[in-house]
Amino acid sequence: MRFVPFAMSAGTPRRISAGTVSNEPAPASVFTIPAASPATTNKPVPVRSRVIRRPTARKSATCKAALVKWQRPTTQPGGVGQSVFCAARGSGALERSRRQAFGCGRGARRTWPSPACLFAGTDVREKAQTKIARWPMSVRGAVLYNFFEPLKVESVKLRAPRPDEVVVKMAASGVCHSDLSVQQAKLPFPPPVILGHEGAGIVEEVGKEVTGLKLGDHVVLAWVQSCGRCAYCIEGEEHLCDAAIKAMMAGEETAFEKDGMAISRMAGVGSFAERTLVRASACIKIPEEVPLDKACLVGCGVMTGVGAVTNTAKVRPGQTVAVFGCGGVGLNVIQGAVLCGAGRIIAVDLVEKKLQWAREFGATDTINAKQTTDVPDAIRSLTEGRGVDFAFEVIGMPEVIGQAFLSLRRGGKVVVVGVPGFDQTVQLPASAIPLEEKSVLGSLYGSARMRRDMPKLLELYMQKRLKLDELISRRISLDQVNEAFAAMESGEVARSVIVYS
Numbered sequence: 005m006r007f008v009p010f011a012m013s014a015g016t017p018r019r020i021s022a023g024t025v026s027n028e029p030a031p032a033s034v035f036t037i038p039a040a041s042p043a044t045t046n047k048p049v050p051v052r053s054r055v056i057r058r059p060t061a062r063k064s065a066t067c068k069a070a071l072v073k074w075q076r077p078t079t080q081p082g083g084v085g086q087s088v089f090c091a092a093r094g095s096g097a098l099e100r101s102r103r104q105a106f107g108c109g110r111g112a113r114r115t116w117p118s119p120a121c122l123f124a125g126t127d128v129r130e131k132a133q134t135k136i137a138r139w140p141m142s143v144r145g146a147v148l149y150n151f152f153e154p155l156k157v158e159s160v161k162l163r164a165p166r167p168d169e170v171v172v173k174m175a176a177s178g179v180c181h182s183d184l185s186v187q188q189a190k191l192p193f194p195p196p197v198i199l200g201h202e203g204a205g206i207v208e209e210v211g212k213e214v215t216g217l218k219l220g221d222h223v224v225l226a227w228v229q230s231c232g233r234c235a236y237c238i239e240g241e242e243h244l245c246d247a248a249i250k251a252m253m254a255g256e257e258t259a260f261e262k263d264g265m266a267i268s269r270m271a272g273v274g275s276f277a278e279r280t281l282v283r284a285s286a287c288i289k290i291p292e293e294v295p296l297d298k299a300c301l302v303g304c305g306v307m308t309g310v311g312a313v314t315n316t317a318k319v320r321p322g323q324t325v326a327v328f329g330c331g332g333v334g335l336n337v338i339q340g341a342v343l344c345g346a347g348r349i350i351a352v353d354l355v356e357k358k359l360q361w362a363r364e365f366g367a368t369d370t371i372n373a374k375q376t377t378d379v380p381d382a383i384r385s386l387t388e389g390r391g392v393d394f395a396f397e398v399i400g401m402p403e404v405i406g407q408a409f410l411s412l413r414r415g416g417k418v419v420v421v422g423v424p425g426f427d428q429t430v431q432l433p434a435s436a437i438p439l440e441e442k443s444v445l446g447s448l449y450g451s452a453r454m455r456r457d458m459p460k461l462l463e464l465y466m467q468k469r470l471k472l473d474e475l476i477s478r479r480i481s482l483d484q485v486n487e488a489f490a491a492m493e494s495g496e497v498a499r500s501v502i503v504y505s
């Protein structure tokens, strides 16, 4: 069935390049619909066309097409019918675009299509797995506008994904102590910023260049998004990736905005929002049978704690371990020591409730630092006067790092997991470094290789060898995030988890 084309009022089609409309005349080689006057009033007719020039995935040449707006006629005098946009490309494009818009088979015509037949808006995507949506999208998120102030939960705008990005509908997000550290200006994430970096959700849209992910995939979000090309990535140290660390710390990862003000996302994640944008490299695909409110914990606390033992320290069976700090990450250090077969696991904390948690997670001995005048001496007394093979500092306090160092046997190692203030320094007995061969190791993100380690941890959980359910003290809504901060600071909870509807 043939429809009479139309004449544009300006005489020339407008050209779109990279999403920008201009009135510059299109070159003669670009496909356009011939100009003519409409000859009918009782059929859907094209009322406007524009030329789209988009790069294709397979070649650098531009893909030429016309974007046609079809408008359904109305029987009411002076009325305007409903309209829909479709792409028209190549020979016979006008007829094909009509069938696409109106859900028609060849030679057939329906009065009006079902909603599934429509392509609403002017964003024509060439990838079948990519949804067409209107951007920016309104989502609710918890925004930090100024240091030391409560987070403000409000509606913000989420921009469209870039070719290498993924839209994730959040299912759950853990509330980590690092989020509190950002609020208290201890970590360099400049406001305004949407906090949250320990999340899991479902892939809702993918960029044109994304491979290995599809709509509906369940993913854990990693807050270090490695490039795979720098010297660190090539050496297998992707947690130290140049590009990831620079982008993460500089607050360059902006994905949200409010009233024209750009809002960054913490560590390139921003999981304190109903939906977020992340690089595809941040998405670690997981089995659908793993509950997402448990899986989110692997995104930071579990990976950081267990990985510090298994990857950074490489604890061997029978070795002795001391853990300074038994919060959410410290409990996972204890779990890691259990998995490695450590012979003695000594937990140190000021809060008796946390020491009880430590015993439940596998600690063989506990020391209440509030009731002990000399913690290193107490640890030596539990290890026949030798000291421990590994001391894990999970608090981020220079004086505690010093205590951990004094707790070591000759040849022992301190593993610093907690992050002290950027202006703080540590005082250690320098002679013990060469004469007793004591050393200090840092552990960022459990020295993880995310695509290898995170699925392995979830496999251990499904085998009931790793505790995740027991880590969750409270399940809360996004509106309760400030209450979760207060509970974490007072030591009431191991982990609060935000659960999204």
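For what it's worth, this note's numbering labels the leading residue of the sequence shown as 5, then goes sequentially. Just so it is clear, CB atoms sit at the ideal spot from N, CA and C, and this is done for glycine as well.
Identify every residue that forms a DSSP beta bridge with residue 267. 260
Would you kindly check if the distance between the Cβ of residue 497 and the Cβ of residue 177 is under 9 Å? no
Inter-residue spacing [alpha-carbon to alpha-carbon] between residue 199 and residue 157: 11 Å
State the CB to CB distance for the pair residue 445 and residue 409, rounded to an integer number of angstroms; the pair is presumed to be in contact (CB under 8 Å). Residue 445 to residue 409, Cβ: 12 Å. No contact.
Best match in 443, 309 and 406 for proximity to residue 472 [C-alpha to C-alpha]: 309
Measuring straight from C-alpha to C-alpha, what distance separates residue 295 and residue 222? 10 Å
Reduced DSSP secondary structure (H/G/I, E/B, other) of residue 442: coil
Helix, strand or coil: how does DSSP classify residue 135 here? The pLDDT assigned to residue 135 is 43, lower than 50, so where the model puts this residue is not dependable, and the model offers no usable value.
Within the chosen definition, does the segment 155-170 reach the segment 270-283 through at least 3 CB pairs nearer than 8 Å? yes
If you follow the beta strand (DSSP E) that residue 378 is in, where does it begin and where does it stop? No beta strand (DSSP E) holds residue 378; DSSP gives it neither H nor E.
Does residue 507 come out as helix, strand or coil in the three-state DSSP assignment? This structure does not reach residue 507, given that the chain is present from 5 up to 505, and the question cannot be answered.
Please classify residue 235: does DSSP put it in a helix, a strand, or coil? helix
Please state whether the Cβ-Cβ distance between residue 390 and residue 413 is less than 9 Å. yes
Would you mind reading off the limits of the alpha helix (DSSP H) that contains residue 336? 332-344
Does DSSP classify residue 501 as helix, strand or coil? strand
Return the chain-ordered list of same chain residues with a C-beta closer than 7 Å to the C-beta of residue 417, the five sequence neighbours on each side being excluded. 317, 394, 443 and 445
Would you kindly work out how many angstroms separate the C-alpha atoms of residue 499 and residue 426, rounded to a whole number? 25 Å
When the Cα atoms are used, what is the spatial distance from residue 306 to residue 480? 20 Å
Note down, in chain order, each residue of its chain lying with its Cβ closer than 6 Å to the Cβ of residue 298, except the 5 sequence neighbours on either side. 472
Based on the DSSP secondary-structure assignment, which residues constitute the bridge partners of residue 202? 178
Taking the alpha-carbon of residue 220 as reference, which of 494, 401 and 287 has the nearest alpha-carbon? 287
Helix, strand or coil for residue 401, going by three-state DSSP, please let me know. coil
Using only alpha-carbon positions, find the residue among 338, 493 and 195 that is nearest to residue 268. 195
How many angstroms separate the CA atom of residue 247 from the CA atom of residue 230? 7 Å
Tell me the DSSP bridge mates of residue 369? 350
I think residue 382 touches residue 371, with their Cβ atoms under 8 Å apart; what is that distance to the nearest whole Å? 5 Å
For a test of your reading of the model: does the CB of residue 388 fall under 8 Å from any non-hydrogen atom of the ligand MN? Yes or no. With respect to small molecules bound, the structure shown includes none, and the ligand MN cannot be examined in it.
Report the partner residues of residue 396 according to the DSSP bridge assignment. 327 and 419
In whole angstroms, what separates the C-alpha of residue 495 from that of residue 351? 16 Å
Take the Cβ of residue 218 as the centre, count every other Cβ of all protein chains shown within 10 Å, and call the residue buried at 16 or more, exposed below. exposed
Report the three-state DSSP secondary structure of residue 146 (helix, strand or coil). strand
Residue from 486, 420, 385 and 436 whose Cα sits closest to the Cα of residue 184: 486
Using a Cβ-Cβ cut-off of 7 Å (strictly less than) and excluding sequence neighbours within five positions of residue 358, which residues of its own chain qualify? 330, 331 and 495
Run of the beta strand (DSSP E) containing residue 479, from where it starts to where it stops: 478-480
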